Amino acid sequence: MKKRRGKTEKNTKGISRDEPDTRLKRVSMSELRIVLLGKSLSHTSSLGNLILGNSVFETEDSPHLVKQCKSVSRQVDGRNITIINAPHLFDPQLSQEELSQRIRDCVLHERGPHVFLLVVQPHDFTEEDRNQLRRILNNCSDEAIKSSIVITVDGKMKYF
1 MKKRRGKTEK NTKGISRDEP DTRLKRVSMS ELRIVLLGKS LSHTSSLGNL ILGNSVFETE
61 DSPHLVKQCK SVSRQVDGRN ITIINAPHLF DPQLSQEELS QRIRDCVLHE RGPHVFLLVV
121 QPHDFTEEDR NQLRRILNNC SDEAIKSSIV ITVDGKMKYF
């Protein structure tokens with residue numbers, strides 16, 4: 001609020017400048033469900049391992065490794081964190097029906113995620129990747145894009 005001649009004004013957003021912005025309060029949740037999306041198994045897995053503080057996801061990309069959904073839950077600072085690593089959804093050869101089925105089986109099989117972390121390498125992110133990402137999020141829910149955070153990585157990402 002601005003003070004002028006003993007009066008207090010609200011700014012145009014209706015938030016008092018003398019009071020803390022209540023929208024920034026930490027969300028208190030006992031559990032958090034995160035879906036990791038990206039073309040690179042090593043990047044999504046490394047991020048999942050970093051979040052959980054434990055090496056639970058395979059981080060080596062291999063042509064012999066079948067990319068499939070893997071869900072792991074751990075307690076982190078008193079909160080149950082579930083990471084759903086879903087690199088197999090980025091297969092551009094998937095039909096709409098196959099993609100929808102994989103999303104139902106992997107991402108939406110329980111109560112659904114709180115957030116989608118989109119792990120991308122800017123120099124390697126094509127228009128085709130963008131379209132596939134849009135297909136994935138549209139299949140999840142109308143609100144999925146609003147619950148998404150883009151994580152950009154460059155080069156090798158290895159924490160665990």
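Under UniProt numbering, the letters of the sequence shown match residues 1 to 160, in that order.
Backbone N, C-alpha and C fix where the C-beta goes; we use that ideal spot for every residue, glycine too.
Everything numeric in this text was worked out from a predicted model, so none of it was measured.
Buried or exposed by the 16-neighbour rule on C-beta atoms within 10 Å, applied to residue i
i      : result
Lys39  : buried
His123 : exposed
Gln101 : exposed
Val107 : buried
Gln132 : buried
His54  : At residue 54 the sequence reads Asn, which differs from the His that was named. Answer is exposed; the Cβ neighbour count stays below 16.
Pro92  : exposed
Residue i to residue j span [Cα, whole Å]
i      : j      : result
Ile145 : Arg135 : 11 Å
Ser73  : Phe116 : 16 Å
Ser141 : Thr152 : 23 Å
Leu41  : Glu60  : 7 Å
Ser147 : Leu118 : 10 Å
Glu143 : Phe125 : 23 Å
Glu98  : His88  : 11 Å
Asn85  : Glu127 : 22 Å
Residue range of the unbroken beta strand (DSSP E) whose run includes residue i
i      : result
Thr152 : 148-152
Ile34  : 31-37
Reference residue i; option with closest CA among the options
i      : options                        : result
Arg33  : Arg111, Ile149, Pro92          : Arg111
Ile81  : His123, Thr44, Asp129, His114  : His114
Leu137 : Thr126, Asp154, Gln121, Arg104 : Arg104
Val120 : Cys106, Leu36, Gln75           : Leu36
Asn49  : Ser95, Ser71, Ser30, Glu97     : Ser71
Host alpha helix (DSSP H) of residue i (start-end)
i     : result
Leu94 : No alpha helix (DSSP H) contains Leu94, which DSSP labels as neither H nor E.
Exercise. Report the residue ranges of all alpha helix (DSSP H) runs contained in full by the stretch 115-140; include only those spanning at least 4 residues, in chain order.
Key: 127-140
Self-check item: Contiguous alpha helix (DSSP H) assignments of at least 4 residues, all confined to the stretch 39-83
Solution: 41-52
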